[in-house]
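*Asks:* Okay, handing you the structure first.
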Amino acid sequence: MGAGFADIDWARPWLAPIEPRGRRWQAAALAGHAEYLAALNEDAVRAALVTGRGKPLAFIAQEELPAGASYEAHIAQTGRVPTRHNLHDFFNGLMWFAYPRIKAALNARQAAQIDALGIGPTRGGVRDALTLFDENAVLFACADATLADALRGFGWRALFITERAAWGTRCEARLFGHALLEKLVAPYKACTGHAWIVDVPADYFTLDDTARRALVDEAVSARIAAEPLDSRGFAPLPVLGVPGWWDANASPDFYDDTSVFRPGRRVRR
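Here UniProt numbering is used: position 204 in the sequence shown is 204, and no number is missing along the way.
The following block contains the structure:
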């Protein structure tokens with residue numbers, strides 16, 4: 001059996017931004033599906049969350065999704081998010097509260113793609129990129145272009161060893177993808193996210209967590225709404241390499257594992 005609600009370890013540093021609400025939802029989920037949905041909907045009403053098309057957000061049981069209906073289109077048209085009683089949808093719901101503008105922008109663009117192209121056997125490049133973002137994205141907030149370049153160029157020693165002190169002062173990682181969060185309930189070294197680089201001002205790192213999340217939420221949602229998107233816009237980031245996130249990475253030898261910290265793609269001559 002896979003991990004369940006009782007297995008969430010809120011001491012994990014990547015869960016800190018969502019811990020207070022997450023603990024409440026966890027207790028409700030352990031009580032039952034009805035109690036869990038009630039907790040989500042109570043919070044949604046209080047927060048006045050809306051979709052990208054302005055529909056008030058609500059959470060419903062998966063069985064209430066009409067037969068043949070598209071998940072993304074249903075949310076856009078009704079505001080109702082089909083939600084199963086599992087960790088995958090638990091973290092999906094938490095991201096609607098942590099980054100409501102990003103989630104709304106992703107859903108609006110997914111729905112627009114479905115409106116334009118319909119539901120086919122393949123999603124297409126834009127929908128693939130949107131789904132990848134929703135499921136596996138890491139928001140890499142960065143005030144130093146050299147660090148972003150190191151990430152893009154697979155410069156792991158520069159990013160994690162030479163510039164280790166930059167984490168928390170010039171760059172940070174914020175988990176967004178709900179499938180990635182689900183995987184990290186049972187962490188393993190090779191767990192890798194798709195990093196989306198977010199340029200932030202230097203004073204970003206003087207802000208508290210709420211203000212940082214709001215800034216990232218606004219900046220990223222604007223880009224999702226306006227920019228061309230494809231899967232090549234992401235950079236791989238082995239998340240347990242983030243300083244402070246895993247005890248073993250205090251040793252530089254941790255990063256010598258080339259099956260995880262790969263040297264990058266060779267350019268063909």
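All C-beta atoms in this analysis are idealised placements derived from N, C-alpha and C, irrespective of residue type, glycine included.
1. Just grab the DSSP bridge partners of Phe140 for me.
2. Assuming His178 contacts Asn249 (C-beta within less than 8 Å), just tell me the rounded distance between them.
3. Report the rounded CA-to-CA distance for Ala202 versus Thr169, giving the unit in angstroms.
4. Which residues in the same chain have their Cβ closer than 7 Å to the Cβ of Val216, if we skip the five residues on either side of it in sequence?
5. In this structure, does DSSP put Phe46 in helix, strand or coil?
6. Whose C-beta lies closer than 8 Å to the C-beta of residue 271 among residues of the same chain, with five residues either side of it excluded?
7. Ends of the beta strand (DSSP E) at Pro20?
8. For the beta strand (DSSP E) containing Arg80, name the first residue and the last one.
9. Along the chain, where does the beta strand (DSSP E) containing Ile60 start, and where does it finish?
10. Indicate whether Ser231 and Ile102 have their beta-carbon atoms separated by less than 8 Å.
11. Here's a check: name, in chain order, each residue in its chain whose Cβ is nearer than 6 Å to the Cβ of Arg262, leaving out the five neighbours to either side.
12. Could you name the residues of the same chain whose beta carbon sits closer than 8 Å to that of Asp257, not counting the 5 residues immediately before and after it, in chain order?
13. Can you give me the Cβ contacts of Arg268 inside the same chain, cut-off strictly under 7 Å, excluding the 5 residues immediately before and after it?
14. Can you check whether the CB of Leu94 is closer than 8 Å to the CB of Ile224?
15. Starting from Trp167, follow its DSSP beta bridges and name the residues at the other end.
16. Considering just the uninterrupted stretch of the alpha helix (DSSP H) at Leu207, what are its terminal residues?
17. Please tell me whether Ala148 and Phe97 are closer than 8 Å, where the distance is taken between their beta carbons.
18. Let me make sure I understand the geometry here. Which of Gly264, Pro82, Asn41, Val126 has the alpha-carbon closest to that of Ala155?
*Replies:* This is what the structure holds:
1. Ala173, Ile197
2. Incorrect: roughly 24 Å between the Cβ atoms, too far for contact.
3. 8 Å
4. Leu139, Ala141, Arg174, Val198
5. For the record, residue 46 in the displayed sequence is Arg; it is not Phe. Three-state DSSP puts Arg46 in a helix.
6. The structure shown has nothing for residue 271, since the chain only spans 1 to 269.
7. Taken as a continuous stretch (DSSP letters only), Pro20 belongs to no beta strand (DSSP E), being part of the alpha helix (DSSP H) at 19-31.
8. 80-83
9. 58-61
10. no
11. none
12. Lys189
13. Residue placement at Arg268 is poorly supported in this model, since its pLDDT is 37, which falls under 50; the coordinates are not used for a value here.
14. no
15. Cys171
16. Here Leu207 belongs to no alpha helix (DSSP H), and DSSP marks it neither H nor E.
17. no
18. With the sequence shown as reference, residue 155 is identified as Gly, and Ala is not the correct amino acid for it. The candidate whose alpha carbon is nearest that of Gly155 is Gly264.
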